[in-house]
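Comments concern the structure below.
Residue numbers (this note's numbering): 45 to 292.
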């Protein structure tokens with residue numbers, strides 16, 4: 045049996061906390077002493093989860109086999125359906141390489157995480173500045189391209205437009221926090237970072253984004269205008285990232 049130390053997730057709605065703990069119990073049974081760490085990250089780790097939020101979890105193990113995957117398939121499918129649980133499975137010696145390959149994502153994990161089982165494997169990771177800049181530009185461009193396509197496909201359905209808008213919240217806040225950190229002026233959290241990057245020009249769009257996350261219902265015209273304003277903001281952010289030096 046694993047010797048990991050269990051911690052309760054902070055400030056999660058009880059149904060989400062229960063489903064998460066049920067899944068973690070299966071993880072512990074599956075990996076036993078091979079479980080190195082289970083880390084909650086993103087908005088759930090901050091205690092700011094909303095109805096539209098995913099629950100993001102990193103599981104780090106010493107080994108990962110087909111038998112492990114087969115055993116976890118049904119519990120993971122159920123948890124994904126119940127609480128939008130997304131799990132990243134890492135073998136311990138992959139952490140450093142993954143942090144370099146997916147620099148923006150791991151920089152966000154380093155900023156917003158809560159260790160639920162085991163030790164904090166992300167505390168000491170080093171993310172090369174050049175890699176983070178390169179990846180952040182990719183993330184911002186991908187966000188814009190995917191959102192344009194999603195709006196073209198789903199924009200005729202009024203109830204879908206606020207959902208598309210709410211989906212931008214996490215990535216935009218994470219990118220804004222990364223940008224300010226790279227510029228040497230980090231914000232207290234992702235929401236404050238996005239407000240700081242938005243400035244007066246895009247403040248109304250950011251406020252509409254917040255409403256979309258909290259209420260999940262908005263006039264479709266308001267949501268559509270905010271979405272395209274935020275895509276313009278993302279393009280401006282990408283320009284700021286491109287102007288950064290690879291060395292601090």
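Glycine residues also receive a C-beta, built at the ideal position from the N, C-alpha and C atoms.
These numbers come from a predicted model, not from an experiment.
query: Counterpart residues of residue 105 in DSSP-defined beta bridges; result: 79, 135
query: Given residue 143 as reference, the closest of 173, 193, 130 once Cα atoms are compared; result: 173
query: Residues that DSSP places opposite residue 162 in a beta bridge; result: 81
query: Where residue 251 falls, given that 16 or more other Cβ within 10 Å makes a residue buried; result: exposed
query: Cutoff 7 Å; reference residue 283; Cβ partners in own chain excluding five residues on either side; result: none
query: Length of the line joining the Cα atoms of residue 156 and residue 70; result: 24 Å
query: Length-filtered (4 minimum) alpha helix (DSSP H) runs lying within the segment 179-241; result: 204-211, 213-227
query: Beta-carbon gap between residue 131 and residue 103 smaller than 7 Å; result: yes
query: Environment of residue 45 [buried if 16+ CB atoms lie within 10 Å]; result: Only weak support exists for where residue 45 lies, its pLDDT of 39 falling under 50; the value from the coordinates is given anyway. The residue is exposed, with fewer than 16 neighbouring Cβ atoms inside 10 Å.
query: Assigned secondary structure, residue 113 (DSSP; H/G/I helix, E/B strand, else coil); result: helix
query: Backbone CA spacing between residue 65 and residue 125 [nearest angstrom]; result: 15 Å
query: Exposed unless 16 or more other CB atoms sit within 10 angstroms - verdict on residue 289; result: exposed
query: Cα-Cα separation, residue 217 to residue 238; result: 5 Å
query: Interface flag, residue 189 vs chain B, CB-CB below 7 Å; result: Any reference to chain B falls outside this structure, which holds one protein chain only.
query: Residue 331, buried or exposed, once every other Cβ within 10 Å from all chains shown has been counted against 16; result: Residue numbering for the chain in the displayed model covers 45 to 292; residue 331 lies beyond these limits and cannot be assessed.
query: From 161, 203, 285, residue whose alpha carbon lies closest to that of residue 226; result: 285
query: contact_flag[the segment 191-198, the segment 112-128] where n(CB pairs < 8 Å) is 3 or more; result: no
query: Nearest neighbour of residue 87, chosen from 128, 105, 76, 123 [CA to CA]; result: 128
query: Sheet register partners of residue 99 (DSSP bridge); result: 129
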